[in-house]
Amino acid sequence: MKVILTVISGVCWTVVYIEGIRIGFRDKSYAIPFYALALNFAWELLHTIFGFRANGVTVQNIFNAVWFTFDVGILYTYFKYGRKYFLKRLNDPSADANGTDKSAFVAWSVLGIITALAVEYSFIKEFGVAVGAGYSAFLQNLLMSILFIGMFFKRGGSEGQSLSLAINKWIGTLAPTILYGILGEGGFPHGSFLILVSGICCSVFDLIYIRLLTRTQ
Numbered sequence: 066m067k068v069i070l071t072v073i074s075g076v077c078w079t080v081v082y083i084e085g086i087r088i089g090f091r092d093k094s095y096a097i098p099f100y101a102l103a104l105n106f107a108w109e110l111l112h113t114i115f116g117f118r119a120n121g122v123t124v125q126n127i128f129n130a131v132w133f134t135f136d137v138g139i140l141y142t143y144f145k146y147g148r149k150y151f152l153k154r155l156n157d158p159s160a161d162a163n164g165t166d167k168s169a170f171v172a173w174s175v176l177g178i179i180t181a182l183a184v185e186y187s188f189i190k191e192f193g194v195a196v197g198a199g200y201s202a203f204l205q206n207l208l209m210s211i212l213f214i215g216m217f218f219k220r221g222g223s224e225g226q227s228l229s230l231a232i233n234k235w236i237g238t239l240a241p242t243i244l245y246g247i248l249g250e251g252g253f254p255h256g257s258f259l260i261l262v263s264g265i266c267c268s269v270f271d272l273i274y275i276r277l278l279t280r281t282q
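First residue of the sequence shown? That's 66 in the working numbering, and the numbers climb one at a time after it.
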């Protein structure tokens, strides 16, 4: 049962990342909110490194490495197409005709990634690899669920988004919520109330987001 839930989560999140890259190029946009993307990138980079070092080759560590690779692809779409969402005043000397500033966009984005790396590493130092991975993953997942709704309204619709991505994100989070929040696994042998509550909240916001996308189809 535990392996099945791990595989369900891994497959669903892999679909999310592949779909995110596809949609990014299709819509000339990026499909995952930047701050959530930065945290995901940092989480998967660090937990690929520390995960293999601590536990060797496991199903979860393999998925972490695969996800990190796809994160790089989504980050590429963010840097390629995301500047149009980074608005500045048109009368600013550094702004281009679209009211955006490339240097400010890149600097702000790099700062976001560095901050994400620092936060994720702090979870590892504070709680250890296994527990830190669980706490940080679900808290940033909840942030992502909320930011998806914010992105929908900021863009005025489903530009750079898809129902397939949203549904797989929901299922891909629900499976480990059951695994780590109820059944118990890894650093949480008896389950985790924090993970359970965070996972339930993720489902609430994910279902709201799915409903919003359904209404635009």
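Glycine included, each C-beta is placed from N, C-alpha and C at the ideal position.
Give the list of continuous alpha helix (DSSP H) stretches no shorter than 4 residues that lie fully inside the region 214-276.
Fully enclosed alpha helix (DSSP H) runs of 4 or longer: 228-243.
According to the neighbour-count rule (16 or more other Cβ atoms, all chains shown, within 10 Å of its Cβ), is W173 buried or exposed?
In the sequence shown, residue 173 corresponds to position 108, counting from 1. Exposed: under 16 other Cβ atoms inside 10 Å.
From F144 to V171, what does the alpha carbon distance come to, in whole angstroms?
On the sequence shown, position 79 is the one that residue 144 refers to. On the sequence shown, position 106 is the one that residue 171 refers to. If I take the Cα positions, the gap works out to 8 angstroms.
Which first and last residues belong to the alpha helix (DSSP H) in which S94 is found?
On the sequence shown, residue 94 is found 29 positions in, with the first residue counted as 1. Looking at the DSSP string, S94 is not in any alpha helix (DSSP H), and its letter there is neither H nor E.
According to DSSP, is M209 helix, strand or coil?
Mapped onto the sequence shown, residue 209 falls at position 144. In the three-state reduction of the DSSP assignment, M209 falls in the helix class, which pools H, G and I.
Determine the direct distance from the alpha carbon of T134 to that of T279, and round the result to whole angstroms.
The residue you call residue 279 lines up with position 214 of the sequence shown. The residue you call residue 134 lines up with position 69 of the sequence shown. About 29 angstroms.
Taking the beta carbon of V194 as the centre, do at least 16 other beta carbons fall within 10 Å, making it buried, or is it exposed?
Locating residue 194 in the sequence shown gives position 129, where the first residue counts as 1. V194 comes out buried.
Do I273 and L228 have their beta-carbon atoms positioned less than 8 angstroms apart in this structure?
Taking the first residue of the sequence shown as position 1, residue 228 is located at position 163. Taking the first residue of the sequence shown as position 1, residue 273 is located at position 208. Their beta carbons are not under 8 angstroms apart, which means L228 does not touch I273 by this criterion.
Considering only their Cβ atoms, is the gap separating F192 from Y186 smaller than 8 angstroms?
The residue you call residue 186 lines up with position 121 of the sequence shown. The residue you call residue 192 lines up with position 127 of the sequence shown. Going by C-beta atoms, Y186 is not nearer than 8 angstroms to F192.
Measuring alpha carbon to alpha carbon, tell me which residue in G251, I236, W108 is nearest V124.
Against the sequence shown, residue 124 aligns to sequence position 59. Among G251, I236, W108, the Cα nearest to that of V124 belongs to G251.
Here's a check: name, in chain order, each residue in its chain whose Cβ is nearer than 8 angstroms to the Cβ of L208, leaving out the five neighbours to either side.
Position 143 of the sequence shown, counted from the start, is the residue given in the question as residue 208. Residues Y100, A101, L104 of the same chain have their beta carbon placed closer than 8 angstroms to that of L208, with the five preceding and five following residues left out of the count.
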